[in-house]
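The next block holds one structure in the form of structure tokens; read it before the comments.
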């Protein structure tokens, strides 16, 4: 682990020494991929300290020379040290790093980058941004989501329930298409005030809520909301 001062961003970043690489099976694409992980980076984002972990999986084009994962790891560190728009949403930062990797590592065929944010004093639940890019069709798939633990109590079993929310953006996206995820959370909170879980079955509320959210947020293709019991 090493420490680095980034004056342009006005932040003190701690780069973790953790590096993960190996073979991972991407079930959707049925391709063998390799990945790196930079865990528990301390980053000042939108004037607040955040705990960020970055996971990047990639697949090389056939018959191309293997890429040293440490080279990509150092590349990501450089990206973080040079990124100037620290007011950007995480989704924009994540898509930008994928674009950089695709440009500067032309032998990579597919890239999947996930930003994972731990709870902090301002946001008390986990969030994630995932960007998938395929060089063959130059298309991006962007998702964002969060999970609230102990969101509610089941009125039948009296067990705690977790709330999971994720959505996929329409393509192509522009900066104006992104929104504060707390706006999504506020809509969900208001929905449950008007449609209490204790008076309805979740299988009836789920499609109604998802439809309402998709109508409200025009820049998303789909949204998935799930509630699970905590064992």
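Numbering (the numbering used here), first residue to last: 11 to 241.
Yeah, the Cβ is synthetic: ideal placement off N, Cα and C, and Gly gets one too.
Bounding residues of the beta strand (DSSP E) (the contiguous stretch that carries residue i)
| i | result |
| --- | --- |
| residue 67 | 58-70 |
| residue 226 | Here residue 226 belongs to no beta strand (DSSP E); instead the alpha helix (DSSP H) covers 212-226. |
| residue 123 | 118-127 |
Inter-residue CB distance, residue i and residue j (contact presumed, cutoff 8 Å)
| i | j | result |
| --- | --- | --- |
| residue 183 | residue 152 | 6 Å |
| residue 43 | residue 67 | 4 Å |
The alpha helix (DSSP H) enclosing residue i, as first and last residue numbers
| i | result |
| --- | --- |
| residue 201 | 191-204 |
| residue 86 | 79-92 |
| residue 108 | 100-114 |
Residues bridged to residue i [DSSP beta-bridge criterion]
| i | result |
| --- | --- |
| residue 232 | 178 |
| residue 47 | 65 |
| residue 239 | 171 |
Practice problem: Return the chain-ordered ranges of every beta strand (DSSP E) run that is complete within the stretch 133-202 and spans a minimum of 3 residues. | Solution: You should have 136-144, 149-163 and 170-179.
Using 8 Å as the Cβ pair cut-off and three pairs as the minimum, do the stretch 70-83 and the stretch 124-132 touch?
-> They do not touch, by the three-pair rule.
Any contact between the stretch 166-181 and the stretch 229-239? By contact I mean 3 or more CB pairs, one from each, below 8 Å. By the C-beta criterion, the stretch 166-181 is judged to be in contact with the stretch 229-239, since at least 3 inter-stretch pairs fall below 8 Å.
Item to complete: Evaluate contact between the stretch 207-217 and the stretch 134-144, counting only Cβ atoms and requiring at least three cross-stretch pairs below 8 Å.
Response: Contact fails: fewer than three Cβ-Cβ distances are below 8 Å.
Q.
Using 8 Å as the cut-off, can you tell me whether the stretch 184-203 makes contact with the stretch 216-228, which would need three or more C-beta pairs spanning the two stretches below that distance?
A. Verdict: yes, contact present.
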